[in-house]
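Colleague: Below is the structure I would like to discuss, written out as C-alpha cells.
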Amino acid sequence: MIVNVTKGFITYRHIYGLICSLALLCVGCQSNHCSLEPNFCYIPQQRLIQRLPSPFEPLSPQELDQDWGKELFIGRAFARELDLYRAITCFKRSLLLLPSKANRKREIEYDIFLAYYMGNKYQDAIDAFDASGLLDTPLDFPAFQDLLITLYDAYQQVGQPEKAYKILCLIASTDEEKSKALSLAGAVIEADFPMIDQIAPSTPAGKTITSFIIDFQSDAKSVRKARTLNAILPGAGYYYVGQKKSALTSFLINTLFIAAAYQLFDRGYIAAGIITASLETGWYFGGINGAGLEAKEFNERLYETLGKEALIKERLFPILMINKGF
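Take the sequence shown: its letters are residues 1 to 326, numbered as in our numbering.
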C-alpha cells in the first residue's frame, strides 16, 4: 500500500480516524465492572483506649510487692498510654518472673496478645496467641469475648479467612448479633456488595450502611465513561474524574504528537511520520487506560472515606467492638 499524504490516497487524518474508531471499539468491548480494592486503616484515639476498663481484678498489695507484679503494673500503665513497645517488654518480663502456678499467667498472656493487636502487629499477635495458654481459654475468662473479636480480626488482617471463619462461628454460638456485625464490617471492608445487601437488612447498622452505599453509587465515576471520553478527546477522561492537571498534560502531549506526525507526513518524511504516529498511538491508548485507572482510584478513595465514616458511626471496626482494655 502506498501512503501519499499530499495526493490523498491515505492521509494521516484517515489513520487517526481509524485509531479513534479502534479505541472506541476496544472501550466498548471492555467490561465496565472494576472491582474496588479499598484500603481501610483505623487507629482509635488514645482517649478511647484509656476509657476501656480492665477485665481483670486489680493487683493486690502482696502482688505489687513482687517483681512480676511491679512489671505487670508498669506494663499496663504503658499500654494505657499506647506506649505498646515498652508495655510488651514489661509484660514479657512479668511473665518470666511469674511463679509457674500463678493465677495471673493467662491474664499476662492476653495483655501481650492485645498489645500486639493494638499496635497493628497482627501476625505477632497471632504468634503470641499460638505460643500461649490462651488456646484453652475457658468461657468464663473475663476477656473471652474480646479475645474472640480481636483474634478474628487478626486472622482477617493477615489473610487467613478459614481460621477467621472458625472464630466467627464460635462468636455466633454465643452472640449472633455480634457475629453479624463483624460479617457486615468485613463485607464493607472488602467492598463485597452482594454480601452487604444480604446482611445489612438484618442488623441495627443496616440503615447507615445502606445509606452510605447509595451515596457512594451516586457520586462514583464510571470507568467506561472515563475511558470513552479520553478516547474521543485526549484529556477529557482525566478532567471527568477531577484530574485537571493530568487532563491538560494528556491533551497537550497528544496534540503535539498529532501535529508533529501530520507535519512529517505532509512534508514527505514517511518513516519519521510513522515513528511519531506510533508514539502518539502509545500515548493515546495509554491515556485511555490511565483515565480508567484514575476513575477506579477516585471510586476507591470515595468508598474509603464514606465507608470509614459509616463504620465509625456504627462502631463496626472490630477494635471498637471490644469492651475491655488494659
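Backbone N, C-alpha and C define an ideal beta-carbon position, used for all residues, glycine too.
Is the Cβ-Cβ distance between Lys324 and Leu134 less than 8 angstroms?
Modeller: Start at 1 with the first residue of the sequence shown, and residue 324 comes out as number 324. Start at 1 with the first residue of the sequence shown, and residue 134 comes out as number 134. No, Cβ-Cβ distance for Lys324 and Leu134 is not below 8 angstroms.
Colleague: Return the chain-ordered list of same chain residues with a C-beta closer than 6 angstroms to the C-beta of Phe91, the five sequence neighbours on each side being excluded.
Modeller: Residue numbering aside, residue 91 sits at position 91 when the sequence shown is read from its first letter. Hits under 6 angstroms: Gly75, Ile108, Asp111 and Ile112.
Colleague: Between the C-alpha atoms of Arg302 and Ala102, what's the straight-line distance to the nearest angstrom?
Modeller: What you label residue 302 is simply residue 302 of the sequence shown in a count that begins at 1. What you label residue 102 is simply residue 102 of the sequence shown in a count that begins at 1. The residue asked about is misnamed: residue 302 is Leu in this sequence, not Arg. Whole-angstrom Cα-Cα distance: 51 angstroms.
Colleague: Buried or exposed, going by whether 16 or more other CB atoms sit within 10 Å of the CB of Ala23?
Modeller: Translated into the one-based positions of the sequence shown, residue 23 becomes position 23. Because Ala23 sits at a pLDDT of 49, beneath the cut-off of 50, its placement in the model cannot be relied upon, and the point is left open.
Colleague: Does the contact criterion of 3 or more C-beta pairs under 8 angstroms hold for the stretch 291 to 299 versus the stretch 232 to 246?
Modeller: Counting Cβ pairs under 8 angstroms, three or more are found: they touch.
Colleague: Using a Cβ-Cβ cutoff of less than 6 angstroms, which residues in the same chain neighbour Gln123 once the five nearest sequence positions on both sides are dropped?
Modeller: Taking the first residue of the sequence shown as position 1, residue 123 is located at position 123. Same-chain partners within the cutoff: Val158.
Colleague: Taking the alpha helix (DSSP H) that Val241 belongs to, which residues open and close that run?
Modeller: Your numbering for residue 241 matches position 241 in the sequence shown. Neither: Val241 is in no alpha helix (DSSP H) and is coded neither H nor E.
Colleague: Taking the alpha-carbon positions, what's the Ala226 to Ala220 distance?
Modeller: Indexing the sequence shown from 1 puts residue 226 at position 226. Indexing the sequence shown from 1 puts residue 220 at position 220. Ala226 and Ala220: Cα-Cα distance of roughly 11 angstroms.
Colleague: Nearest-angstrom Cα distance between Ile209 and Ile312?
Modeller: Here residue 209 refers to the residue found at position 209 when the sequence shown is read from its first residue. Here residue 312 refers to the residue found at position 312 when the sequence shown is read from its first residue. About 11 angstroms.
Colleague: What's the gap between the Cα of Glu81 and the Cα of Tyr117?
Modeller: Within the sequence shown, the letter at position 81 stands for residue 81. Within the sequence shown, the letter at position 117 stands for residue 117. Each residue's alpha carbon lies about 15 angstroms from the other.
Colleague: Compare the beta carbon distance of Leu182 and Tyr155 with 8 angstroms and say whether it is the shorter of the two.
Modeller: Indexing the sequence shown from 1 puts residue 182 at position 182. Indexing the sequence shown from 1 puts residue 155 at position 155. Their beta carbons are not under 8 angstroms apart, which means Leu182 does not touch Tyr155 by this criterion.
Colleague: Are the beta-carbon atoms belonging to Leu139 and Ile171 less than 8 angstroms from one another?
Modeller: Translated into the one-based positions of the sequence shown, residue 139 becomes position 139. Translated into the one-based positions of the sequence shown, residue 171 becomes position 171. The answer is no: Cβ separation not under 8 angstroms.
Colleague: Return the CA-CA distance between Glu37 and Leu64, expressed in angstroms with no decimal places.
Modeller: For the purposes of this step, residue 37 is identified with residue 37 of the sequence shown, where counting begins at 1. For the purposes of this step, residue 64 is identified with residue 64 of the sequence shown, where counting begins at 1. When rounded, the distance between both Cα atoms is 49 angstroms.
Colleague: Please name the residue in Pro204, Ile167 and Ile213 whose C-alpha comes closest to that of Glu304.
Modeller: If you number the sequence shown from 1, residue 304 lands on position 304. Of the listed residues, the one whose Cα sits closest to Glu304 is Ile213.
Colleague: If I follow the unbroken alpha helix (DSSP H) through Tyr117, where does it start and stop?
Modeller: Residue 117 sits at position 117 when you count from the first residue of the sequence shown. Segment Lys105 to Met118, the alpha helix (DSSP H) holding Tyr117.
Colleague: Just curious, the alpha helix (DSSP H) that Glu314 is in, first and last residue?
Modeller: Locating residue 314 in the sequence shown gives position 314, where the first residue counts as 1. Where Glu314 is concerned, there is no enclosing alpha helix (DSSP H), given that its DSSP letter is neither H nor E.
Colleague: Quick check: what's the CA-CA separation for Ile322 versus Trp68?
Modeller: Reading the sequence shown from its first residue, position 322 is the one you call residue 322. Reading the sequence shown from its first residue, position 68 is the one you call residue 68. Each residue's alpha carbon lies about 27 angstroms from the other.
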